[in-house]
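Numbering-wise, the working numbering puts 1278 at position 157 of the sequence shown, and it's gapless, one number per residue.
No residue lacks a Cβ here, since even glycine has one placed at the ideal position from N, Cα and C.
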Amino acid sequence: MTKAVETKKVVVQTIADKFGSAASVVVVDYRGLNVAQLTELRKQLREAGVEFKVYKNSMTRRATEMHGLEAINEHFTGPNAIAFSNEDVVAPARIINDFAKKNEALEIKAGVIEGAVSSAEDIKALAELPSRDGLLSMLLSVLQAPVRNFAATTKAVADQKEEQEQGA
């Protein structure tokens, strides 16, 4: 085999490994963004631990086929960039969705969420979910409510008994 074919195989395997290990993947069309906007998007994604790459569509299609994600291949037309997140499922969707609201040229095409191909609408819905910290604080609040109510009731009973003793 020629050196070019070997190089392409390595790139396809690299892309396949990224798809295999990613908690979430978001595919976007970045046509219309200028260099400053793309740099800002990359910076925001990098700060969240998300890798943002541009690969040839033909190589990406081959890589997705290695993981049974052929359904996403229809979206690999034109200039695409792919955001890979290995830890936070929501981070790439939220950052890209927020960025797309301010920069209409950025279009979310599709994604992969924990191994399942997802539509652009699914990615946008995921982006609207509260952050992990927000969800944890909501859960903590729900768990604290019964204890808080019990404490308030106990205090009210104690106050009532104290008033009765003072009045007697």
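A contact between stretches requires three or more CB pairs, one per stretch, nearer than 8 angstroms, and the segment 1147-1154 meets this requirement with the segment 1230-1242. Taken through DSSP and simplified to helix, strand or coil, V1133 comes out as helix. It is roughly 55 angstroms from the alpha-carbon of A1169 to the alpha-carbon of K1282.
Here R1163 has F1173 as same chain residues with Cβ atoms under 6 angstroms from its own Cβ, once five neighbours each way along the sequence are excluded. Rounded to the nearest whole angstrom, the C-alpha separation of R1167 and S1206 is 10 angstroms.
Ranked by Cα distance from E1127, the options K1139, M1180, N1155 and Q1158 are led by M1180. Contact check for A1137 against A1184 passes: the beta carbons are separated by less than 7 angstroms. In this structure, the CA atom of G1189 is about 51 angstroms from the CA atom of N1270.
One thing to note: N1224 has its Cβ no nearer than 7 angstroms to the Cβ of Q1165.
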